[in-house]
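The listed protein sequences correspond, in order, to chains A and B. FYI, in the numbering used here the residues of the first sequence are 34 to 720. FYI, in the numbering used here the residues of the second sequence are 228 to 414.
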Amino acid sequence: MLTAFRFSRTRSIRRSVVASTVMSLLLFATLIKESRADSSEKDQNTEGRLRHVSLEDLGQIEVTTASKKPVKASRTPAAIYIITQDDIGRSGATSIPEALRQAPGVEVARVDSNTWSLGVRGFGSALSRSVLVLIDGRSVYTPLFAGVYWQVQDTLLEDIERIEVIRGPGGTIWGANAVNGVINIITKSAKDTAGMLVSTGGGNIDQGFVNFRYGAGNGKSFNYRIYGKAFTRGPEFHPNRRQFDDWRMGQAGFRTDWDLQSRDSLTFQGDLYNGDAGQNVRITTYSSPYMANVEQNAELGGGNLMGRWKRVLGVASDIQVQAYYDRTSRKQANFAESRDTFDIDFIHHLPLPWRQDFLWGLGTRLSSGNVTTVVPTVVFTPNHYTDKVYNAFIQDEFPIIGNQVSITIGSKFLHNNYSGFEVQPTARLLWTPSQRQTIWAAVTRAVRTPSRVEEDLQLTALLAPTPLTFFRIIGDRKFSSEHLIGYEAGYRTLVSPNFYLDAAVFCNNYNDLLSIEPGAPFSETSPPPAHTVVPLLFRNALFGNTTGVEIAPNWTATHWWRLRGSYSFLHIDLSKQAGSQDLSTVSSTQGASPHHQVVIQSSLDLARKLEFDQAFRYVSGLPAQLVRAYGTADVRFNWHATRSLDFSVVGQNLFQPHHAEFGGDPGGLVGIERSVYAKLTWQTGQR
Amino acid sequence: MTGRHIRAIAVGIACILFVASCLHAQQSNPTEYQVKAAYLYNFGKFIEWPAKVSTAGDLFSICVLGDDPFGVTLDKTIAGENINGKKVVVRRVAKLQDAVHCRILFISSTEEGRLKEILAALDRTSVLTVSDISQFTRRGGMIQFVMEANRVRFEVNLSTAERDGLTLSSQLLKVAVNVRRSPQPGD
């Protein structure tokens with residue numbers, strides 16, 4: 034009954050969304066037609082006037098900077114979406130996962146105030162399994178849990194130059210675990226952050242935040258910046274009033290960029306962070322009452338230091354060496370871990386005869402984790418373990434028909450402790466029939482290598498108190514890599530100078546996906562009291578495919594109004610291999626990613642330095658998470674009061690007092706609340 | 228989302244657009260690329276090309292290589308204008324070999340990946356290369372637009388321009404934020 038109700042409701046919501054979209058578009062169309070007529074007449078005057086302005090005066094005219102067009106990405110044979118600094122600023126997002134909501138094919142669901150589930154083309158989970166996340170080339174994927182702790186992935190949002198979101202397997206260049214996608218966060222060169230920036234503000238959920246950055250240089254080849262930020266965030270809505278998920282973080286860092294000569298450049302950067310994130314963790318014990326929900330802050334801390342040297346050797350030829358050290362630690366109610374990672378990568382880019390563009394590289398990563406057992410029901414054996422990954426890649430791009438068609442082939446070769454040697458090849462075709470159109474297609478193999486959670490974890494949880502029965506996940510090192518062969522194609526076109534359309538389709542075939550197989554129950558007397566254990570073993574018994582479509586139009590209606598959006602469709606179809614006893618992984622995976630997602634964003638530059646942004650999003654229901662479909666909206670209003678002062682007000686999740694996006698915390702779904710914050714930004718120098 | 232919400236959105240959007248179109252009448256700043264287009268036209272007036280180029284053809288071509296960021300702005304800027312008695316035309320070029328017949332070539336930021344190849348192909352062809360790609364003058368380009376506090380300024384790599392036989396007027400150099408005279412990588 035309940036299911037039937039939910040689905041009929043979903044259908045009616047879908048109808049309403051279609052209706053509202055059509056209505057809005059019609060309205061836009063009629064209104065904009067008039068404005069465009071006005072504006073082109075006006076532009077004619079502007080251009081006529083400007084052409085006779087003297088050179089000196091041209092340099093004194095203050096201009097409205099047009100939003101960066103999605104240009105660099107337009108010739109990439111992959112489903113890439115670029116979120117620019119401007120996009121981040123105008124979204125009003127206060128964290129990286131929130132900023133990622135605008136990318137098509139990405140499912141961002143907030144579990145509570147400090148936790149997100151994030152997936153690309155399916156497989157959303159709180160640890161973002163199968164998505165590789167890099168910050169300036171530094172992998173933040175944890176080999177302990179095969180995922181990303183979003184709580185500690187942060188930087189000054191104003192320092193981000195762009196976020197490249199690559200949907201689909203990106204194993205060739207990016208390495209293992211880029212099965213479903215790559216999120217590549219790139220910060221600005223220190224040269225582009227000269228001057229001072231201070232911003233502060235607060236509201237009902239984002240209760241208070243302060244950001245600081247200072248950048249300078251010697252006026253020529255050496256530039257640096259330092260930054261610091263801190264925030265405190267309140268709890269979201271909890272039906273049982275257990276408001277455990279408040280969150281505080283502080284972070285500081287630096288970056289220097291030094292152009293030694295015209296052909297060498299050297300970058301050093303680093304970050305330090307510390308904070309605590311409120312959690313509610315269900316802990317099982319071997320003594321009565323066997324199970325308790327513990328509310329305790331996770332203590333988070335860490336830092337990293339990176340160096341990068343790049344030398345330009347000649348035309349389309351350069352070498353790059355990058356090394357980093359990263360330390361991260363977390364201590365929560367049920368386990369604690371500290372991890373040290375050292376990584377070094379070398380890349381050589383060179384032209385070969387017949388206009389080939391060749392790229393090869395080598396890299397190694399040593400990641401040493403030390404787990405402290407806090408409760409006897411969460412145990413990693415051994416406690417201390419070092420993951421060693423060695424990899425090499427080659428990639429060659431060569432034209433086949435004039436300048437119009439090119440082929441890219443390549444492969445990554447990887448060796449890791451768990452599954453040994455892995456090969457991840459790709460073949461990509463790019464056809465540019467005209468300056469305004471790009472058609473691409475690709476076939477790629479990618480793997481997700483096992484992690485310690487699948488190999489070395491023993492996790493025990495209560496099944497029934499009488500007779501006393503526990504189930505226990507037993508990592509026995511028999512889980513191997515998950516495999517994917519992805520087929521993708523895409524079309525991008527600049528329909529008119531103002532209208533850009535990007536569409537992609539995909540079919541991903543997965544094999545050897547994780548399954549959880551129950552074993553034969555056994556009795557255990559130690560630790561007392563005597564109890565029965567149902568073992569659960571990680572195996573690779575699931576297979577299936579995901580299919581989907583993503584369409585992302587981008588319309589710069591006039592130089593003061595930009596309208597963007599996306600529609601993403603996803604279908605997941607998983608099955609068990611013969612003999613698999615897996616109980617729920619198929620339905621829990623299929624039901625944890627939305628079939629439909631719609632995003633519509635409007636950015637208006639009003640006169641007198643006013644910016645007005647609106648974003649609407651619709652996400653269809655997640656049956657496995659008991660999350661209903663929802664539609665909600667964010668609004669941002671910014672007043673560029675003087676050359677260095679901005680004042681903005683941002684409202685988020687405005688359509689309802691609160692709505693659930695993803696499950697995971699004990700005690701029922703957490704409602705993501707309607708929130709408002711105000712922000713004051715003062716900055717000097719380059720913007 | 229109910230009908231109430233849809234109505235609310237529709238009304239909201241209508242109000243915004245109404246307000247926007249009223250306010251828009253007061254908007255006075257030109258866009259970045261309107262000013263850049265005006266610069267491109269002005270460069271034509273403050274630069275002398277070598278005689279062999281000046282006599283070839285009776286058109287003065289301003290070309291755009293790669294995705295065109297100007298839209299119709301550039302065409303409007305030069306509409307009906309002449310430089311030294313030659314009619315100014317705008318051409319969008321797809322192939323590098325077509326670019327050698329341009330007087331001024333604006334290289335779009337989409338071409339950053341193959342910039343070296345482009346500049347190598349244009350070496351000593353007396354085409355004035357202009358771009359807003361970062362480090363453009365350092366990488367062997369001639370004029371680079373830079374943004375300074377929401378104003379469009381430009382840098383000049385004089386040695387490259389002079390090597391190609393172009394003469395830049397002192398008036399132009401005086402306005403440039405930076406004039407580079409150092410030898411280029413690869414020289």
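We put the CB at the ideal spot given by N, CA and C, even for glycine. A quick note: this is a predicted structure, and the numbers were derived from the prediction, not measured.
Indicate the three-state DSSP secondary structure (helix, strand or coil) for residue 415/B in the structure shown. Since the first residue of chain B shown is 228 and the last is 414, residue 415/B is not available in this structure.
Report the residue from 130/A, 119/A and 155/A whose alpha carbon sits nearest the alpha carbon of residue 619/A. 155/A
Do three or more CB pairs link the segment 365-381 of chain A to the segment 334-354 of chain A at distances below 8 Å? yes
What's the gap between the Cα of residue 571/A and the Cα of residue 545/A? Between residue 571/A and residue 545/A, the C-alpha separation is close to 11 Å.
Report yes if the C-beta distance between residue 660/A and residue 630/A is below 7 Å; otherwise report no. no
Residue range of the unbroken alpha helix (DSSP H) whose run includes residue 270/B: 259-273
Measuring alpha carbon to alpha carbon, tell me which residue in 335/B, 333/B, 323/B and 362/B is nearest residue 347/B. 323/B
The segment 388-412 of chain A: positions lying closer than 7 Å to chain B by Cβ: none
Apart from the five residues just before and just after residue 606/A, which ones in its own chain have a Cβ nearer than 7 Å to its Cβ? 577 and 578
Taking residue 371/B as the query, report the chain A residues whose CB atoms sit under 7 Å from its CB, ordered along the chain. By Cβ distance, chain A contributes nothing, its closest Cβ being about 13 Å from residue 371/B, past 7 Å.
C-beta contact flag for residue 257/A and residue 229/A at 7 Å: no
DSSP on residue 272/A, reduced to helix/strand/coil? coil
Under 7 Å, do residue 330/B and residue 273/B count as touching if we go by C-beta distance? The Cβ-Cβ distance between residue 330/B and residue 273/B does not fall below 7 Å.
Among the residues of its own chain, which have a CB less than 6 Å from the CB of residue 560/A, if the five just before and after it don't count? Sequence-distant Cβ neighbours of residue 560/A in its own chain, meaning closer than 6 Å and more than five residues away, are 319.
Hey, quick one: how far does the alpha helix (DSSP H) through residue 122/A stretch, first residue to last? 118-124
Comparing the C-beta of residue 94/A with each C-beta of chain B, is any distance below 7 Å? yes
Within the 7 Å Cβ cut-off, does residue 530/A reach chain D? No chain D appears in this structure, whose protein chains are A and B.
Beta strand (DSSP E) runs contained entirely in the segment 604-679 of chain A, provided each spans 3 or more residues: Whole beta strand (DSSP E) segments, 3+ residues: 629-639, 643-652 and 663-673.
DSSP three-state label for residue 361/A, please. strand
Ignore the nearest five residues each way along the sequence and tell me which others in residue 683/A's own chain have a CB closer than 6 Å to its CB. 125, 669 and 710
Identify whether residue 699/A lies in helix, strand or coil by the three-state DSSP scheme. coil
So residue 130/A is in the alpha helix (DSSP H); what residue range does that whole segment cover? 129-132
Could you check what DSSP says for residue 402/B in three-state terms: helix, strand or coil? It is helical.
Expressed to the nearest angstrom, what Euclidean distance is found between the alpha-carbon atoms of residue 354/B and residue 424/A? Cα to Cα, residue 354/B sits roughly 44 Å from residue 424/A.
What does the alpha-carbon distance come out to for the pair residue 303/B and residue 80/A? 6 Å
At which residue ranges does the segment 220-256 of chain A contain complete beta strand (DSSP E) runs of 3 or more residues, listed in the order of the chain? 228-236 and 239-250
Let me check understanding here. Comparing Cα to Cα, which of 359/B, 384/B and 377/B lies closest to residue 369/B? It is 384/B whose Cα lies nearest to the Cα of residue 369/B.
Going by DSSP, what residues sit across from residue 360/B in a beta bridge? Per DSSP, none; premise fails for residue 360/B.
Whole-Å CB distance - residue 532/A paired with residue 588/A, under 8 Å assumed: 5 Å
At a threshold of 6 Å, does residue 294/B count as lining the ligand NAD (C-beta to nearest heavy atom)? The model on display carries no ligand, and the ligand NAD is accordingly not part of it.
If you draw a straight line from the C-alpha of residue 391/B to the C-alpha of residue 332/B, how long is it? 14 Å
Among all the DSSP beta bridges, which residues are the ones paired with residue 324/A? 317/A
Tell me whether residue 297/A is buried or exposed, calling it buried when 16 or more other Cβ atoms sit within 10 Å of its Cβ. exposed
Would you mind reading off the limits of the alpha helix (DSSP H) that contains residue 386/B? 385-390
In the DSSP assignment, what are the bridge partners of residue 540/A? 520/A and 580/A
CB contact below 7 Å: residue 366/A versus chain B: no
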